[in-house]
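Using our numbering, the first residue of the sequence shown is number 1, and each one after it goes up by one.
Below: one structure, written as structure tokens.
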Amino acid sequence: MTGSWYVVLEEETEKYASIDGSGYDLYRWHLAQTTEVQGTRAAAEAAARSLADSHVPDKISRFLYLYPGARPGRQVYRMPDGTLLVRMTRRNDEAHFRVSVGELIASQEEVAGEELSETPSGLRRLFGRGRP
1 MTGSWYVVLE EETEKYASID GSGYDLYRWH LAQTTEVQGT RAAAEAAARS
51 LADSHVPDKI SRFLYLYPGA RPGRQVYRMP DGTLLVRMTR RNDEAHFRVS
101 VGELIASQEE VAGEELSETP SGLRRLFGRG RP
């Protein structure tokens with residue numbers, strides 16, 4: 001359904017990699033959750049603020065059960081484009097996530113396509129003697 005408002009949650013992930021004997025922390029953002037909101041953009045913005053105030057990333061939440069009553073630190077920033085950037089801290093750990101409001105304006109279903117019985121070689125495709 002197009003024209004619907006969504007709350008979109010992106011989380012920062014961290015992965016450690018060793019390259020040529022040197023260690024690196026690799027960070028990237030990934031789409032963690034999308035939730036359709038019934039109603040207007042204002043309703044979606046209220047839902048986004050609620051999510052920014054309540055969501056706890058796995059990096060922080062996996063230790064909270066060990067300390068009943070513990071609450072991580074949370075800073076919520078409203079960016080100029082309306083995105084909410086959240087910084088959470090717990091002892092020496094830190095996690096970040098973004099919450100945005102977006103309108104779904106297009107949606108397309110996946111089409112499986114035809115399965116080739118034999119994959120032509122690269123040279124045959126290059127010279128037009130095989131299917132791409």
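Beta carbons are placed, not taken as given, at the ideal position from N, Cα and C, and that holds for glycine.
It should be emphasised that the depicted structure is a prediction, and the values quoted were computed from it without experimental measurement.
Check, Outcome
"Among 102, 108 and 55, nearest to residue 142 - alpha-carbon criterion", "Residue 142 lies beyond the residue range present for the chain, which begins at 1 and ends at 132; the question has no answer from this structure."
"Straight-line Cα distance separating residue 12 from residue 114", "37 Å"
"For residue 105, the three-state DSSP class (helix, strand or coil)", "coil"
"Close-in-space but distant-in-sequence residues of the same chain around residue 47 (CB under 6 Å, 5 per side omitted)", "7 and 37"
"Cα-Cα separation between residue 42 and residue 21, rounded to whole angstroms", "51 Å"
"Cβ separation of residue 9 and residue 97, assumed to be a contact under 8 Å, to the nearest whole Å", "6 Å"
"Which listed residue (105, 44 and 58) has its alpha carbon closest to that of residue 82", "44"
"Residue from 54, 17, 49 and 35 whose Cα sits closest to the Cα of residue 27", "17"
"Environment of residue 29 [buried if 16+ CB atoms lie within 10 Å]", "exposed"
"Residue 76 versus residue 52 - alpha carbon distance", "7 Å"
"Simplified DSSP assignment, three categories, for residue 45", "helix"
"Neighbour-count burial assignment, residue 84, 16 or more Cβ in a 10 Å radius", "buried"
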